[in-house]
Amino acid sequence: MNNIPESDWKYLRLIKDELLDTLCKRINDEASHIIADPRLYQHQKVLRLFEHVTQKNEIIAKCFDDWRRSNILHKLLALREQRLLTEKQLSLLTEESRDKISQV
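Residues in the sequence shown are numbered from 4 upward in steps of one, following the working numbering.
Here you go:
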């Protein structure tokens, strides 16, 4: 079963924007490095930025699109894969949810 306890669902809804902001900051920081690279011509920067944004948009979608309780376990696994969930955040989930995450 992919469901998690109601208390965990409520908590995750509370921290969703924070998690998304963390991921977007990481993506933007990486984009800044591309833009600042003096070895690249402007067109190369545009091409690399386009590729970067396209790839990272897939990660954002995997982590945050269709955010529902029925599929939140898949989202939690994606968040963990991207190292977005801190140990403190994980510790605030129920043992049941932590067990489900660690079993996959």
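All residues carry an ideal CB built from backbone N, CA and C; glycine is no exception.
Does DSSP put residue i in a helix, in a strand, or in coil?
i	result
residue 6	coil
residue 56	helix
residue 42	coil
residue 112	Since the first residue shown for the chain is 4 and the last is 107, residue 112 is missing from the structure and cannot be characterised.
Residue i lies in the alpha helix (DSSP H); which residues open and close that run?
i	result
residue 72	Element bounds for residue 72: n/a, residue is neither H nor E.
Less than 8 angstroms between the CB atoms is what I'm expecting for residue i and residue j, so what's the real figure, rounded?
i	j	result
residue 37	residue 48	6 angstroms
residue 72	residue 6	6 angstroms
residue 33	residue 55	6 angstroms
Out of curiosity, what's the CA-to-CA distance linking residue i and residue j?
i	j	result
residue 10	residue 66	20 angstroms
residue 24	residue 96	20 angstroms
residue 53	residue 63	15 angstroms
residue 20	residue 46	33 angstroms
residue 87	residue 40	26 angstroms
residue 60	residue 77	17 angstroms
residue 93	residue 58	26 angstroms
residue 98	residue 81	19 angstroms
Within the region 62 to 104, ranges of the alpha helix (DSSP H) (whole runs, at least 4 residues): 75 to 84 and 90 to 94
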